[in-house]
Each structure stands twice: as C-alpha cells, then as structure tokens.
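Chains as they are written, first to last, in our numbering: chain A, 199 to 875; chain B, 12 to 266.
Glycine is no exception: its CB is placed at the ideal position from the N, C-alpha and C atoms.
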Amino acid sequence: MRIGFYMKLAANGMKKNGKFYIPYLLTCICTIAMCYIVSALSVSPTLAAMRGGEMLISLLKLGVWVIIIFSVLLLSYTNSFLRKKRTREFGLYNILGMDKRNIGLILFFETMIMAFLSLFFGLLAGILLLKLAELLLVNMLHADVTYTLIVSWSSIRYTVILFLLIFLLNLLRNLFRITVSRPVELLHSESFGEKPPRANFLIGLLGVLILGGAYYLAVSIEDPISATVWFFVAVCMVIIGTYLLFISGSVVFLKLLQKNKRYYYKPNHFISVSSMAFRMKRNGAGLASICILATMVLVMIASSSCLFFGEEDSLKERHSRDFSITVQERLSYGTMAPEITASIAKKAEDVMLLHNAQASDLLTYSYLNISCVLDGSALPSDFEESYLQTQNNFSGICQLYFFSLDDYNRMMDTDYTLNTYEMFLYKKGGRNYAYQELTLPGQTTYHLKAALKSFFDVEDTNSYIGSTYFIVVPDLEAVRSLLPEDYSTFLWYYGFRTPLSAEEQNTMIHDMEVDLSGIFTENSLNAMLRVESVEDDRTDFLAAYGGLFFLGILLSVAFILAAVLIIYFKQISEGYEDKSRFAIMQKVGLTDREIRRSINSQLLTVFFLPLLFAGLHLCFAFPLIKKILLLFGFLNNRLFILTTLISFAAFAVFYTVIYRMTSNAYYDIVRGPRENR
Amino acid sequence: MSILEVKGVKKVYTTRFGNNKVEALKNVNFQVEKGEYVAIMGESGSGKTTLLNILAALDRPTGGSVFLDGRNLSDIRESDMAAFRRDELGFVFQDFNLLDTFPVEDNIYLPLVLAGKSYNEMKVRLAPIAEKLGITSLLKKYPYEISGGQKQRVAVARALITGPKLILADEPTGALDSKATDELLSLFNEVNATGQTILMVTHSIKAASHAGRVLFIKDGEVFHQIYRGQDSFSAQYQKISDTLTLLQQTGGERA
C-alpha cells in the first residue's frame, strides 16, 4: 500500500518533469541501443568470416569498452542535471515531513521506472536498427551476401546488466547527495552557481598530460594488433583526457573572458558568458561528450568509406594481372619441382587457347619466402624461437623473398650476372637493409652485389608488416636446400592480362581448376592451388568493403544520434534553467533580438571547440588508422586524406545545422509566451 | 509639468474559453508631476497590477492612452519597447528579480550593458549609487549570499543606474521584514528628494504613508487621492487607514 504510494509519487514526479525526463530517457535509450548494436556486432559470426573480420571484431570489442566508459560519463552528466532539477522538490517533501528514507524510496522507484523504460525501448531500437541494416545491406549489395545479424541474447544480457549497474551508480550518487545535504540547501540548490572544481589547475594539467600521453601512444604504436592493449589504453586516455581538459579548460576560458571587461560587458556576450560560467562543469562535460562522439563518427566514416571507395586500388594492389594461377606449398612438402610448374604452365596455356584468352603481358616467377627476426645479417639459428618472436614483435619481422636471377632478367628484360655467392637486394618496404651480406643456415653467406632500384610486380606481399626484402640469387634451388623447411614456403605464379568478359573469365577459372587439379592428383601434389581473376575478386571485395562501409554508416548514425540527443538535452535543459532569468531580463529591457544575439554569441564561443578537438584527435589517430587500414590491404594515402576531409566537412555542416535547430528550441523556451498584445 | 499622464485607460480581459469579459480597468485618469512620489493603493483584484503593467509597457490598454514625458506609449513600436523600458523606466519588484548567474555588480550593470554602455562609464555611474545605497561592500557577492533587504537595495540600484524618468515599484516591501522595510522606505524618500519620480504600487499602508500622494483604486477606477503635504508619516498613516476603512464601508460610493 505504502509502496504503491511512493511509486505513484515517483511516476507523477517524472510525468510532471516530463520536459526534463523525456530528453533524459531518449539519451538513455540511444546509449543503450548504441551499446547493444556494437556488442551484438562484436559477436557476429558473419562479421568474423569477412576479410579482416578478426581485426574488426577485436576493434568492436574495444568499441564496447569505449562505449561503456562513454555511457558512464554521459549518463552521470545528464543525471547530475536532473538531480539538480529535482532536489528542490525533494527539499520541499523533506520540509513537509517526509524523511530521507522515504525520499530515497521515491528515487529508487524513479530509477526503476527509468531503467525499465530505457532498457526496453533501447534494446528494441538496437535490435530493429540492426535488422533494418541487414535488410538494407542485402538489398544494396545484391551480391550473395548472407548478412544475418541474429538477435544476440548474450549481448542483450550484457547490455541489461551493464546499464542496470550504471543506473545503480547514479541512484547511489543521488541518494548520497540527498543524505548529506540539509533541507534548506535542497530547497535553494537551484540558485547556487557551480563552483569551479578544487585544484582546477591540476585537473587541467592532468587532462593535458593524459591527452598528450594518448597522442604519443597513438603515434608510436607500430602495430595495432600486437599492441591491442595499448591501443585500447590510448582510446580510453583520449576520452578521459578530453573530459578533464574540457571541464577545467572551460572554467579557465570563461574566467578569462569575464576578466576581459571590454569583451564581457557587451550585450551579446554578457548573458551568454555568465550563464556558461554558472554551469561551467556541466558545460565542459557536455562539450567533451560531443567532441568524443564526433571523433568516433569521423574515424568510422572516414576509414570505412575510404576502404569502400578505394576498392579498385586494393584490387590493383592485390592483382598485378587480370588472371592468375598461384601454387604454394610449404618447403617441407618438397613436391614442387621446376618440371611440375612447367607442366602446370603448359596445361594452363592449353586451357587459355581453348577459351581464346588472348593472353598478353605474361608474368611468371617463383619465389621462396621466409619471415623471421634477423640476427644481424644472419638468419637465426633457432627457428623455433625466432618464430615465437615474430608473434609479438611485428615491427622487427623481416620478410625475405628469394628470386632466381633468371626470373628477374626475364621479367625485367635485363642481363645482370651474379657469381655463386652473390645477391641483389630490393627493399620493398620497411627499413633499409643495413648489411653487405646475408648469411643463411649452414654458414652460407651471400654478398650484396648491388641494391636494385626496381622490381617487377609481385602479388600479395605483406609489405606493411615489418621490413620486406626481395633478394635475387643465381640459383634458387641452392637456397631452397638451405632454408628451414618448416618455416619457408615456395610459390609459383603465372599471370596475364585478358580482354575476356567477367563471365568468360569465370568459366575459364572453372575449367582451369578442373584441369589443373588433374595434374595435382596425377602427381599426388600437396600444394595449394589458386586460380583467380580480378573480375571474380571484385565481387568479393565489394561485398566485404560494402559491408564494412555499411557498418561504418550504421555505427555513425547511432553515434550521431547520441550526439544530437546530447546537444538537444543540453539546449532544452539549459533553456528551462534560463527561462526565469530571461524573463527577468526581458522586464529589465532585453529585446528579442538581443536574446538571439546572445544565443549566437554562446554558439560562437563554444560551438567550434568540440569540432576543433575532434579534428585534433583525428590528426593523431591518423597514423594508427592508416596502419589498421593496411591490414585490410589498403594503401592509398591520398584517398584516405580526402575521405577524412570530406567526412569532417560534412560533419561540420551537419553539426551546425543541428546546433541551429536546437538553439531555436532553446530560443523558444527562454523567450517565453508572446506578450498579450 | 507632468511626466506621466494616464487618460481614460481601460483594460478588458477575455477569458480563454468563454466569451466572459472581465473589466480590470474601467476608466483610469491621473497625472504624475516630475519629482513626485506617488503610491497607488487598492485591494487585491482592484486592478493595481494591470495598471502597473500598462504603465510599464508590458501590456497595452484596451482603450485610453498613457503619455510618458509627452510621448504616447501606444506609438512606440513593439521592437523598440524593450529598449524604451530599459532607457526610460526603472523597475523594483516584490521578489527582487536579481539573476543568480551574476554577482551583485553585474546585476546592477545589466540594463547599461544591454544599452551598450562602455565598462568605464558603467563604473563611474555605479560608484555614487552604490555608496548612497550602502551596497559598496556587496558588489562582488552573489545574490544568494546576501539578505532580502540587501537584495532589494541592489534592485533599487539597478533601477536607478540608467537615470530613468520614472521608477515603477511593485510592492517593493512585500518580501521584506519590518526593519528592512523601514530602511527601504527611507531610501525611497532620499532618492525622491534628489528629484527622482517614483510610482509605487502597494497595499501596505506603511509604505504608502511615505509617498507624497496616495491614489486609491477600486473597481478599476481611481477612487480617491490624498496628499501628505507637511504631515508626518504617522499622521499620513492614520489618514490612509481611515480612508481605507471608509472605502470599505461605503462599498463603492464616492467619498
């Protein structure tokens, strides 16, 4: 019975304060939906199966953490505002004879109602949005994408638990606030301005240090996978640093503005600066949230769109010829003798003739490949250990590709010569080779005759991890016998250009696979055979990158929605707070035009800050994102810069529009009803 | 020369839903001379607040006109209205209407800032006023840190600083204790002595007894007026009290 009474009080209180609770509810719903979407994606098996999927999944897993941290900060910010709004009412209850336990009960029920509503609608929104995304994606890329994003129960459970904890945390903070303060304080709490945080300077310094540290980490991380933990730490540090810096920075900034009499005592600055200073901490927190969301949106849109639009480049990078046959095996299998590759080539030519392939620009070569951490100029003696090292020292890895002089001279149309223990070296990527020789196991040392300036196209070499060297030796078979069999691979490549259509190429792929498999079974070969065409691969690429692009847009929409809500919440809540002040000022002689101008001044003072810092964050994230993109096989820097700039510009425009619209809402609130004339 | 002239002012409110018309002011006529200190008295519902809103240009009369310094208020365009209020009128409200966001000093500056005055000019204007009102030591404090009487003095300072033609005070002592009331009323007399015209709406006999002239409003009309002349405050107090009693007894007939 009594319980019912308190529940009713709680519900009524929320209804009466609907104009504050509804934006709060929307904010909660949006954060919950965002959290669910990211968490559900991070366990999606479809995503894991995509090219670069593992990387994506691990990024999304980090993303869940980022969203958690963000949600805690955001919801405690909005909650602190609501608390301030309600304390007056609670003070009144307190004075009318309700003890603090009763008030606690009301607060508890309020939180329960809020948690229930927001979790219900938030999860619903998240599930629907994902489903919608799936349908759109399948329609958009009518390729055979089976993008089934099933409802993830584990993610639902996870989101529910997480947000219940956040709500509990806020409830505890509210209860604490109620218990420590006296009724009279509760009654008047609204008219007290926020005091600058104690040790504001230290907080600001801490913010700068954390942010600086994060920037340093972001720039110095060599490989995002091997340094996943540090990557995550950097992201968290950026978030925390941004909050600290914005909160203390805005205090300092506003104090400075107030000290500057000539600026401060102007009609349009006077009101805006003072009301911002009045709620400086909240202002800072709100701006920081906007800044972080903006950064996330920009990172996602810029990177996923450049993958999508850079699809042709990636294809070119991956395929030096339209059509290719690749045979690859571990050295220890030892089945790939030169005669075999010759017979495969012969068979391939037959099939090509049959299909009238009109092959041109033929490219064929073999290489031996080993990746290891070099011991000076020598291959390590203990490969077991070296192999383990490569697992956590990506930047130290050397990729060595051995080619025969014959192949090189043939492909490059040169007539270089080498003595038995001489070599040429071509740096494909990474550090310069610092030595004049290379020692292979068995104390065989090759001396560097000359560094090569150019090399023919070699497909699919991971030139972005560690250092990659192409080494030309007189006799490939001699090297083959020296390399550790279990850690080296042999590859034979045969590629050409052809004017055939995508369909004709597909039938040729099929015939080629059938005929070549024949040779494989005949000779009981263990090697891996790949027959590929650019046309065939293009569909795969489009599906994969289209999916990524879509994912980027989906997440961006969720994040932008959250940002819009924060801005809206900020404007509405501040509008209701300022309403009575503007009413007084109107009596004293503030015109409608001056209200407009004061709002504009506020906009100009703080509007660009989040955008500015989002841009700065983006600059420092740039090298890191580039490295991640490389893992997807993307190398086009210019395109990435372009998509980043376009995303930034588009976001800036969007942000301006939103700010304009919400500041109209603010204006309508503070101006009050039209006078009765 | 009269600074304020109210001629046949009428105000009719229409209720929101029905066609019920409420006549708040029937026919109000009076003049205020420059340098006068006039109190308007009346019971709740007599139309005091409506009249004040019309004088403050916050509301427009249904009929009749109001001239401030020879200028008809209804001739002023709506967009100039706020600026007009700011420059020509000073307000003192019952609930002070100070802004929490500003320290006392900035609260007083507010109308000047809105008028686009320079900081130096504002400072020069503030010093003597703050001195006179005894709030110099409060200037850096915030409204929630000072007492009600102090707040009202700050509000008076804000009203005075623009050098208005007329100060409109709406129940200025309504939220004050008796000591603060006395202080404020003697302050008003001092301000008036410097030539400042004051028009005060009140139902406090004590407050009204400090004014040079008291107008009584009843049923939307000016019913009666008495001058203080050379009488002491207490003699005037008695006169007002008697008049009010009479007003109630006659129940609408002219005394």
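Please tell me whether threonine 786 (chain A) has its Cβ less than 8 Å away from any Cβ of chain B.
Counting from 1 along the first sequence, the entry for residue 786 (chain A) is found at position 588. Note that residue 786 (chain A) is valine in the sequence shown here, rather than threonine. Chain B contact via Cβ: present.
Check whether the Cβ atoms of methionine 212 (chain A) and isoleucine 311 (chain A) lie closer than 8 Å to each other.
In the first sequence, the residue the question calls residue 212 (chain A) occupies position 14. In the first sequence, the residue the question calls residue 311 (chain A) occupies position 113. Yes.
Please state whether the Cβ-Cβ distance between isoleucine 14 (chain B) and valine 49 (chain B) is less than 8 Å.
Within the second sequence, numbered from 1, the residue matching residue 14 (chain B) stands at position 3. Within the second sequence, numbered from 1, the residue matching residue 49 (chain B) stands at position 38. Not a contact, by the Cβ cut-off of 8 Å.
Residue range of the unbroken beta strand (DSSP E) whose run includes asparagine 567 (chain A)
On the first sequence, residue 567 (chain A) is found 369 positions in, with the first residue counted as 1. Unbroken beta strand (DSSP E) run through asparagine 567 (chain A): 558-570.
Could you tell me which residues DSSP pairs with leucine 689 (chain A) in its beta bridges?
Residue numbering aside, residue 689 (chain A) sits at position 491 when the first sequence is read from its first letter. Leucine 689 (chain A) pairs with A:Gln526 and A:Tyr565.
Report the residue from A:Phe314, A:Arg281 and A:Leu415 whose alpha carbon sits nearest the alpha carbon of arginine 375 (chain A).
Mapped onto the first sequence, residue 375 (chain A) falls at position 177. Taking only the C-alpha atoms, the option nearest arginine 375 (chain A) is A:Arg281.
Is there at least one Cβ from chain A nearer than 8 Å to alanine 94 (chain B)'s Cβ?
In the second sequence, residue 94 (chain B) corresponds to position 83, counting from 1. It does; some Cβ of chain A falls within 8 Å.
Note down, one range per segment and in chain order, each alpha helix (DSSP H) of at least 4 residues found wholly within the region 777-835 of chain A.
790-804 and 806-829
Listing by chain order, which chain A residues have their CB less than 7 Å from the CB of valine 233 (chain B)?
Stepping through the second sequence from its first residue, residue 233 (chain B) is reached at position 222. Residues of chain A passing the Cβ test: none, with the nearest at roughly 23 Å.
Within the region 419-466 of chain A, note down every full alpha helix (DSSP H) run reaching 4 residues or more, in order along the chain.
426-457 and 459-462
Residue range of the alpha helix (DSSP H) that phenylalanine 506 (chain A) falls in?
Within the first sequence, residue 506 (chain A) is the residue found at index 308, counting from 1. Where phenylalanine 506 (chain A) is concerned, the enclosing alpha helix (DSSP H) stretches over 478-507.
Report yes or no: is there a C-beta of chain D within less than 8 Å of the C-beta of methionine 783 (chain A)?
The structure shown contains no chain D; its protein chains are A and B.
What number of angstroms, rounded off, separates the C-alpha of glutamate 675 (chain A) from the C-alpha of leucine 561 (chain A)?
The sequence position of residue 675 (chain A) within the first sequence is 477, counting from 1. The sequence position of residue 561 (chain A) within the first sequence is 363, counting from 1. Answer to the nearest angstrom: the Cα atoms are 20 Å apart.
Around the C-beta of alanine 535 (chain A), are 16 or more other C-beta atoms found within 10 angstroms, so that it is buried, or is it exposed?
In the first sequence, residue 535 (chain A) corresponds to position 337, counting from 1. By the neighbour-count rule (16 or more Cβ atoms within 10 Å), alanine 535 (chain A) is not buried but exposed.
Could you tell me whether any Cβ in chain A is nearer than 8 Å to the Cβ of proline 139 (chain B)?
Your numbering for residue 139 (chain B) matches position 128 in the second sequence. Output row for proline 139 (chain B): interface = no.
Anything in the region 468-500 of chain A with a Cβ closer than 7 Å to a Cβ of chain B? List those residues in chain order, please.
Phe468, Ser472, Ser473 and Phe476
So, under 8 Å CB-CB, alanine 700 (chain A) and glutamate 733 (chain A) are touching, yes? Tell me the CB distance rounded to an integer number of Å.
What you label residue 700 (chain A) is simply residue 502 of the first sequence in a count that begins at 1. What you label residue 733 (chain A) is simply residue 535 of the first sequence in a count that begins at 1. Confirmed, Cβ separation roughly 4 Å.
Can you give the Cα-Cα distance for alanine 649 (chain A) and glutamine 634 (chain A), rounded to whole angstroms?
Locating residue 649 (chain A) in the first sequence gives position 451, counting from the first residue. Locating residue 634 (chain A) in the first sequence gives position 436, counting from the first residue. Approximately 10 Å, taken between the alpha carbons.
So, does the CB of valine 124 (chain B) fall closer than 8 Å to a CB anywhere in chain A?
For this step, residue 124 (chain B) is matched to residue 113 along the second sequence. Yes, because at least one Cβ of chain A sits closer than 8 Å to the Cβ of valine 124 (chain B).
Nearest CA to the CA of arginine 224 (chain B): which residue from B:Ser85, B:Leu210, B:Asp91 and B:Val165?
For the purposes of this step, residue 224 (chain B) is taken as residue 213 along the second sequence, with counting starting at 1. The option with the nearest alpha carbon to arginine 224 (chain B) is B:Leu210.
Does the region 769-778 of chain A come close enough to the region 432-442 of chain A that 3 or more CB-CB pairs lie under 8 Å?
no
Beta-carbon separation of proline 154 (chain B) and valine 124 (chain B) under 8 Å?
To locate residue 154 (chain B), count along the second sequence from 1; it is residue 143. To locate residue 124 (chain B), count along the second sequence from 1; it is residue 113. The answer is no: Cβ separation not under 8 Å.
I think serine 446 (chain A) touches leucine 272 (chain A), with their Cβ atoms under 8 Å apart; what is that distance to the nearest whole Å?
Indexing the first sequence from 1 puts residue 446 (chain A) at position 248. Indexing the first sequence from 1 puts residue 272 (chain A) at position 74. Their Cβ separation, rounded to whole angstroms, is 19 Å, which puts serine 446 (chain A) and leucine 272 (chain A) out of contact at 8 Å.
Please determine if the region 799-808 of chain A and the region 464-477 of chain A are in contact, where contact requires at least 3 C-beta pairs separated by less than 8 Å.
yes
Sufficient close CB pairs (3 or more, under 8 Å) joining the region 306-321 of chain A to the region 223-236 of chain A:
yes
Drop a sphere of 10 angstroms on the beta-carbon of phenylalanine 521 (chain A), count the other beta-carbons inside from all chains shown, and report buried for 16 or more, exposed for fewer.
Residue 521 (chain A) sits at position 323 when you count from the first residue of the first sequence. With 16 or more Cβ atoms within 10 Å of its Cβ, phenylalanine 521 (chain A) is classed as buried.
Can you tell me where the alpha helix (DSSP H) holding glutamine 161 (chain B) begins and where it ends?
In the second sequence, residue 161 (chain B) corresponds to position 150, counting from 1. Residues 159-171.
Just checking my contact of leucine 636 (chain A) with serine 575 (chain A) at CB under 8 Å: how many whole Å lie between their CB atoms?
The residue given as residue 636 (chain A) occupies position 438 in the first sequence. The residue given as residue 575 (chain A) occupies position 377 in the first sequence. Yes, leucine 636 (chain A) and serine 575 (chain A) are in contact; Cβ-Cβ is about 6 Å, under 8 Å.
Got a sec, what are the start and stop residues for the alpha helix (DSSP H) aspartate 713 (chain A) sits in?
Counted from its first residue, the first sequence places residue 713 (chain A) at position 515. Aspartate 713 (chain A) -> alpha helix (DSSP H) spans 700-720.
Determine the contact status of tyrosine 90 (chain B) and lysine 18 (chain B), defining contact as a CB-CB distance below 8 Å.
Looking up residue 90 (chain B) in the second sequence gives position 79. Looking up residue 18 (chain B) in the second sequence gives position 7. The sequence shown places serine at residue 90 (chain B), rather than the tyrosine named in the question. No. Outside cutoff.
Please report whether the beta-carbon of glutamate 772 (chain A) lies at a distance below 8 Å from any beta-carbon of chain B.
The sequence position of residue 772 (chain A) within the first sequence is 574, counting from 1. Not one chain B Cβ lies under 8 Å of glutamate 772 (chain A).
Should histidine 221 (chain B) go down as buried or exposed, given a rule of 16 or more other Cβ atoms within 10 Å for buried?
Looking up residue 221 (chain B) in the second sequence gives position 210. Result: buried.
What do you reckon, are the CB atoms on isoleucine 235 (chain A) and glycine 324 (chain A) nearer than 8 Å?
Here residue 235 (chain A) corresponds to residue number 37 of the first sequence, with the count starting at 1. Here residue 324 (chain A) corresponds to residue number 126 of the first sequence, with the count starting at 1. For isoleucine 235 (chain A) and glycine 324 (chain A), yes; Cβs fall inside 8 Å.
Where the beta strand (DSSP E) through valine 349 (chain A) begins and ends
Residue mapping note: residue 349 (chain A) aligns to position 151 of the first sequence, counting from 1. Looking at the DSSP string, valine 349 (chain A) is not in any beta strand (DSSP E), and its letter there is neither H nor E.
Per-residue DSSP class, three states only, for serine 656 (chain A)
Indexing the first sequence from 1 puts residue 656 (chain A) at position 458. Residue 656 (chain A) is actually valine in this sequence, not serine. It is coil, neither helix nor strand.
Taking threonine 719 (chain A) as the reference, which of A:Tyr461, A:Arg200, A:Thr533 and A:Arg695 has the closest Cα?
Counted from its first residue, the first sequence places residue 719 (chain A) at position 521. Threonine 719 (chain A) has its Cα closest to that of A:Thr533, out of A:Tyr461, A:Arg200, A:Thr533 and A:Arg695.
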